[in-house]
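Asks: Numbering-wise, my numbering puts 40 at position 54 of the sequence shown, and it's gapless, one number per residue.
In this text, a Cβ means the ideal position worked out from N, Cα and C, and glycines have one as well.
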Amino acid sequence: MRIRQATVDDYPQLLKLKQEFFDWESGTDDRIDPSYRSHIGPRLGRDLRRDTCAYFVAQEGKELTAYAGMEVKKSGQEYRTRKYAYIFHLYAKNGHRGKGIGSQLLTACMAWARRQGLKEVHIKVHAFNKDAWRLYKKRFKDYLMTLIAKT
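#1: Based on DSSP bridge pairs, tell me the residues matched to C39.
#2: Going by the CB atoms, is the gap between Y41 and Y53 shorter than 8 Å?
#3: According to DSSP, is E106 helix, strand or coil?
#4: Just to confirm before moving on: does the CB-CB distance between S89 and L121 stay below 8 Å?
#5: Compute the distance between the beta-carbons of V58 and Q102, then report whether it is under 8 Å.
#6: From the DSSP output, read off the bridge partner residues of K69.
#7: Ignore the nearest five residues each way along the sequence and tell me which others in A94's own chain have a CB closer than 6 Å to its CB.
#8: Assign K4 to one of two classes, buried (16 or more other C-beta atoms within 10 Å of its C-beta) or exposed (fewer than that).
#9: Candidates S61, K123, K116, L76: which alpha carbon is nearest E106's?
#10: Since I(-11) is in the beta strand (DSSP E), which residue starts that stretch and which ends it?
#11: Under 8 Å: do the region 32 to 39 and the region -9 to 2 share three or more Cβ pairs, one atom per stretch?
Take a look at the structure:
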């Protein structure tokens, strides 16, 4: 298995992975609009060409089995750190979870953030996703949690 930065040539396989992730997430979070699925392809096409966005993939043979997506964001006026990296997706296909792929993808994400001169990485995770929580707590020593609750 090889971890590498995605290119525009990865678009077809990466799109399928993103759609799998979207289907899973929209099935677990009723705030997500299912019609947004039609926007995934165009956005991915743009993201793969932006220098403020990066995707990393796990590749086994010719198959992409997992990915992480991230971008540079700007924080509000009240924070000293003006720019940070935001990991918006981390996903591995069934049969490829629990093998350390997520940890390797996070390593690639952190290295990319450092190369961009960023000192913070933000990530969002659902409270019920215990496996993701374990991974992030293990990988990130100093962290600030933000909770979003339904009223």
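Replies: Reading off the structure:
#1: In the DSSP output, where bridge partners are listed per residue, C39 has E57.
#2: Closer than 8 Å, so yes.
#3: Secondary structure at E106: coil, using DSSP grouped into helix, strand and coil.
#4: The Cβ atoms of S89 and L121 sit closer than 8 Å to each other.
#5: Yes, Cβ-Cβ distance for V58 and Q102 is below 8 Å.
#6: Answer is K60, bridged to K69.
#7: Correct list, in chain order: I(-11), F42.
#8: K4 should be labelled buried.
#9: Closest by alpha carbon: S61.
#10: -12 to -9 is the span of the beta strand (DSSP E), which, as asked, contains I(-11).
#11: Enough Cβ pairs lie closer than 8 Å, so yes.
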